[in-house]
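Taking this note's numbering, the leading residue of the sequence shown gets 14, the next gets one more, and so forth.
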Amino acid sequence: MRTDQLISTFVEYYEERGHRRITGSTLLPPPGDPVLFTTSGMHPLTPYLEGRPHPLGKRLVNVQRCLRTTDLDEVGDATHLTVFEMLGTWSLGDYEGPRSLDWGYGLLTEGLGIDPGLLHATAFAGDDRTGPDTASVEVWQRLGVPVELTVEDNWWSNGPVGPCGPDSEFFLWSGDGPPQSTPTRDDRWVEVWNHVTMTHRRLDDGSLVPLPQRNVDTGLGLERLASLLQGRSSVFECDVFDPWRRLVPALWTLDEPSLRLVCDHLRSVVALLGDGVRPANTGRGYVLRRLLRRVLTVLRQGQAPSHGIGDLPDELIRHTLDHFRQDMRPSEVRRTLIDEEQRFGRLLERGRGVLARPRFRGPLTEEDFHYLHDTHGLPRELITGLREE
Ligand code: SER
């Protein structure tokens with residue numbers, strides 16, 4: 014099943030159950046949201062989770078592009094991407110968590126044909142402030158799905174302040190043999206779908222207050238589920254990456270981990286540009302610049318690449334912009350990529366000059382790293398790379 018079919022199956026399933034489709038927003042959360050980027054489908058819905066009536070009613074479904082930098086060092090493994098899509102559903106003060114889990118189970122097993130024996134669940138064990146999520150545990154027991162209880166992993170919050178609550182997650186077995194162990198002990202259990210019962214709001218002082226209504230917020234990782242349904246061993250092999258895997262190896266000689274990083278970060282950079290972010294030394298623009306520099310650093314390792322980043326085929330830029338329905342011109346994307354490559358080249362040259370000074374020949378102290386960063390704009394990973402040249 015291709016990702017676009019997966020999206021339509023998901024949306025139709027929930028439309029049949031009274032949900033209205035809303036248009037996903039961009040990677041930039043609405044003003045006032047505490048996070049830098051949209052990291053899950055609920056961000057644009059925060060006011061409605063907090064009680065404002067939504068014009069389309071109490072049951073919603075959508076597809077939302079998200080960006081997570083918390084997982085940056087994990088990009089390249091089988092399941093993490095910087096920019097990914099989340100299929101989401103919401104009950105805004107309407108039905109409760111158990112119904113959401115029942116429908117989720119129905120969609121995965123009957124709707125998508127997943128063997129129920131390959132599922133595992135987790136649920137909130139309770140802590141000193143909130144009791145255990147017995148309602149979810151009862152659903153899992155009735156459905157015959159094994160459930161593991163955790164504390165931190167099963168409390169979802171939207172950054173330091175905002176709506177939060179206990180969650181219950183669907184995991185799918187990705188191993189070759191029969192399922193074994195539990196999600197926290199064996200990472201062949203892949204988390205695919207999170208159902209949050211949003212009951213509270215965390216305030217600036219860290220305290221929790223009940224929300225005016227009880228909501229359900231779910232998020233399903235599109236590329237994760239697609240790769241498992243397509244029998245692929247990583248998100249980088251699902252159909253979203255087909256053109257990247259076809260065209261990138263012709264440009265640069267890369268081992269598999271580097272190929273994954275380059276494809277993930279370049280695709281994320283195009284999506285960020287398409288949403289209006291521009292390279293900068295702070296905030297969102299710095300994240301964009303950093304992603305691009307990680308790519309440039311990887312490309313410079315090994316032999317000097319014969320192709321620059323400006324040689325990225327139009328097809329890949331266009332494929333990404335079209336996928337996210339963004340109307341930027343590929344030539345404009347290319348211009349930014351080339352400018353950033355040149356800027357990085359100048360920084361490297363300056364860095365080589367500074368690092369050649371006698372003061373920096375021996376082992377570097379933390380103070381040296383701070384000085385090099387603050388005075389010469391040289392990030393730690395770049396310094397380490399230059400010293401290995
Ligand atoms: N907010 C939850 C998550 O990000 C479900 O959408 O996992």
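Heads up, the beta-carbon is just placed ideally off N, CA and C, and yes, glycines get one too.
- Three-state secondary structure (DSSP) of R33: Stepping through the sequence shown from its first residue, residue 33 is reached at position 20. Three-state result, R33: strand.
- For the beta strand (DSSP E) holding R15, just list the boundary residues, first then last. Position 2 of the sequence shown, counted from the first residue, corresponds to residue 15. Careful: R15 lies outside any beta strand (DSSP E) and carries neither H nor E.
- Message: Do V205 and F184 have their beta-carbon atoms positioned less than 8 Å apart in this structure?
- Response: On the sequence shown, residue 184 is found 171 positions in, with the first residue counted as 1. On the sequence shown, residue 205 is found 192 positions in, with the first residue counted as 1. Cβ distance < 8 Å, so F184 and V205 count as in contact.
- Query: Got a sec: does the ligand SER put a non-hydrogen atom nearer than 7 Å to the Cβ of D146?
  - Reply: Taking the sequence shown and counting its residues from 1, the one referred to as residue 146 is at position 133. No.
- Query: What residue from G37, L395, G364 and T143 has the CA that sits closest to V434's CA?
  - Reply: Only positions 14 to 402 of the chain appear in this structure, which leaves residue 434 out of reach.
- Query: Excluding five sequence neighbours on each side, which residues of the same chain lie with their C-beta closer than 6 Å to the C-beta of L19?
  - Reply: If you number the sequence shown from 1, residue 19 lands on position 6. These residues qualify, in order along the chain: A239.
- Task: Measure the C-alpha to C-alpha separation of M211 and E353 and round it to an integer number of angstroms.
- Result: What you label residue 211 is simply residue 198 of the sequence shown in a count that begins at 1. What you label residue 353 is simply residue 340 of the sequence shown in a count that begins at 1. Their backbone Cα atoms lie some 42 Å apart in a straight line.
- Query: Secondary structure at A148, three-state DSSP: helix, strand or coil?
  - Reply: To locate residue 148, count along the sequence shown from 1; it is residue 135. The answer is helix: DSSP assigns A148 an H, G or I state.
- Are the CB atoms of S170 and A134 nearer to each other than 8 Å? Taking the first residue of the sequence shown as 1, we reach residue 170 at position 157. Taking the first residue of the sequence shown as 1, we reach residue 134 at position 121. Cβ distance not < 8 Å, so S170 and A134 don't count as in contact.
- Message: With a threshold of 7 Å (Cβ to nearest heavy atom), would S38 be considered close to the ligand SER?
- Response: Position 25 of the sequence shown, counted from the first residue, corresponds to residue 38. Not so, every heavy atom of the ligand SER lies at least 7 Å from the Cβ.
- Item | Runs of alpha helix (DSSP H) wholly within the region 69 to 102 (minimum 4 residues, chain order) | Complete alpha helix (DSSP H) runs here, min 4: none at all.
- Per DSSP, which residues does F183 bridge with? Please list them. Walking along the sequence shown from the start, residue 183 turns up at place 170. According to DSSP, F183 bridges with A134 and W206.
- Determine which residues share a DSSP beta bridge with L162 and list them. Numbered from 1 along the sequence shown, position 149 holds the residue referred to as residue 162. A136.
- Task: Consult DSSP for T52 and reduce its assignment to one of helix, strand or coil.
- Result: Within the sequence shown, the letter at position 39 stands for residue 52. DSSP places T52 in coil when its eight states are reduced to three.
- Residues near the ligand SER, criterion Cβ-heavy atom distance below 6 Å: S53, G54, M55, G101, W169, N207, V209, D230, T231 and G232
- Query: Taking the Cβ atom as the reference point for each residue, do V405 and S53 lie within a distance shorter than 8 Å?
  - Reply: The structure shown does not extend to residue 405, since the chain spans only 14 to 402, so no value can be given for it.
- Query: CB of R198 to nearest heavy atom of the ligand MN: below 7 Å?
  - Reply: Of the ligands one can find in the structure shown, namely the ligand SER, none is the ligand MN.
- Task: Below 8 Å on the Cβ atoms is my guess for L62 versus P176; work out the distance and round it to an integer in Å.
- Result: Indexing the sequence shown from 1 puts residue 62 at position 49. Indexing the sequence shown from 1 puts residue 176 at position 163. L62 to P176, Cβ: 5 Å. Contact.
- Message: I'd like to confirm the pairing. Which residues does DSSP put opposite G169 in its beta bridges?
- Response: Within the sequence shown, residue 169 is the residue found at index 156, counting from 1. At residue 169 the sequence reads Trp, which differs from the Gly that was named. DSSP, once it has assigned bridges, lists G178 as partnering W169.
- Query: What three-state label does DSSP hand R290 in the structure shown?
  - Reply: If you number the sequence shown from 1, residue 290 lands on position 277. Note that residue 290 is Val in the sequence shown, not Arg. In the structure shown, V290 sits in coil (DSSP, three-state: anything other than H, G, I, E or B).
- Item | Assigned exposure category for E380 - 16 Cβ within 10 Å defines buried | Here the question's residue 380 lines up with position 367 in the sequence shown. E380 is classed as exposed because its beta carbon has fewer than 16 other beta carbons within 10 Å across all chains shown.
- Task: Go through its chain and collect everything with a Cβ distance to V346's Cβ below 7 Å, but skip five positions before and after it.
- Result: As a working note, residue 346 is residue 333 in the sequence shown. These residues qualify, in order along the chain: V283, L286 and I330.
- What number of angstroms, rounded off, separates the C-alpha of P292 from the C-alpha of R306? Indexing the sequence shown from 1 puts residue 292 at position 279. Indexing the sequence shown from 1 puts residue 306 at position 293. Distance between the alpha carbons of P292 and R306 is about 11 Å.
- Item | Simplified DSSP assignment, three categories, for T268 | Taking the first residue of the sequence shown as position 1, residue 268 is located at position 255. Just to set this straight, residue 268 is Asp in the shown sequence, not Thr. The three-state secondary structure of D268, taken from DSSP, is coil.
- Specify the secondary structure class of T231 as computed by DSSP and reduced to three states. Within the sequence shown, the letter at position 218 stands for residue 231. T231 falls in the strand class under three-state DSSP.
- Task: Work out the CA separation of V88 and L58 for me, nearest whole Å.
- Result: As a first step, residue 58 must be located in the sequence shown, where it is residue number 45. As a first step, residue 88 must be located in the sequence shown, where it is residue number 75. Their backbone Cα atoms lie some 27 Å apart in a straight line.
- Item | Extent of the continuous alpha helix (DSSP H) to which S319 belongs | Here residue 319 is taken as the residue at index 306 of the sequence shown, counted from 1. Per DSSP, S319 belongs to no alpha helix (DSSP H) and is neither H nor E.
- Message: Going by beta-carbon coordinates alone, are V448 and R215 separated by less than 8 Å?
- Response: The requested residue 448 does not occur in the structure, where the chain is confined to residues 14 to 402.
- Message: Tell me which residue opens and which closes the alpha helix (DSSP H) that D381 is part of.
- Response: Within the sequence shown, numbered from 1, the residue matching residue 381 stands at position 368. D381 -> alpha helix (DSSP H) spans E379 to H389.
- DSSP on L304, reduced to helix/strand/coil? Your numbering for residue 304 matches position 291 in the sequence shown. L304 falls in the helix class under three-state DSSP.
- Item | Counted within 10 angstroms of its Cβ, other Cβ atoms place T147 as buried (16 or more) or exposed | Reading the sequence shown from its first residue, position 134 is the one you call residue 147. By the neighbour-count rule (16 or more Cβ atoms within 10 Å), T147 is not buried but exposed.
- Message: For M14, count the other beta carbons within 10 Å of its own beta carbon; 16 or more makes it buried, fewer makes it exposed. Which is it?
- Response: Against the sequence shown, residue 14 aligns to sequence position 1. The residue in question, M14, is exposed, as its Cβ has fewer than 16 Cβ neighbours within 10 Å.
- Run through DSSP, which three-state label would Q226 get? Along the sequence shown, read from residue 1 onward, the residue named residue 226 stands at position 213. Strand.
- For T212, name the three-state secondary structure that DSSP assigns. The residue labelled residue 212 in the question sits at position 199 within the sequence shown. Strand, per DSSP.
- 7 Å CB neighbourhood of Q122 in its chain, flanking five on each side removed: Mapped onto the sequence shown, residue 122 falls at position 109. The sequence shown places Thr at residue 122, rather than the Gln named in the question. P129, listed in sequence order.
- Message: I'd like to know whether the C-beta atoms of V76 and E28 end up nearer to each other than 8 Å.
- Response: For the purposes of this step, residue 76 is identified with residue 63 of the sequence shown, where counting begins at 1. For the purposes of this step, residue 28 is identified with residue 15 of the sequence shown, where counting begins at 1. In this structure, E28 does not lie closer than 8 Å to V76 by Cβ.
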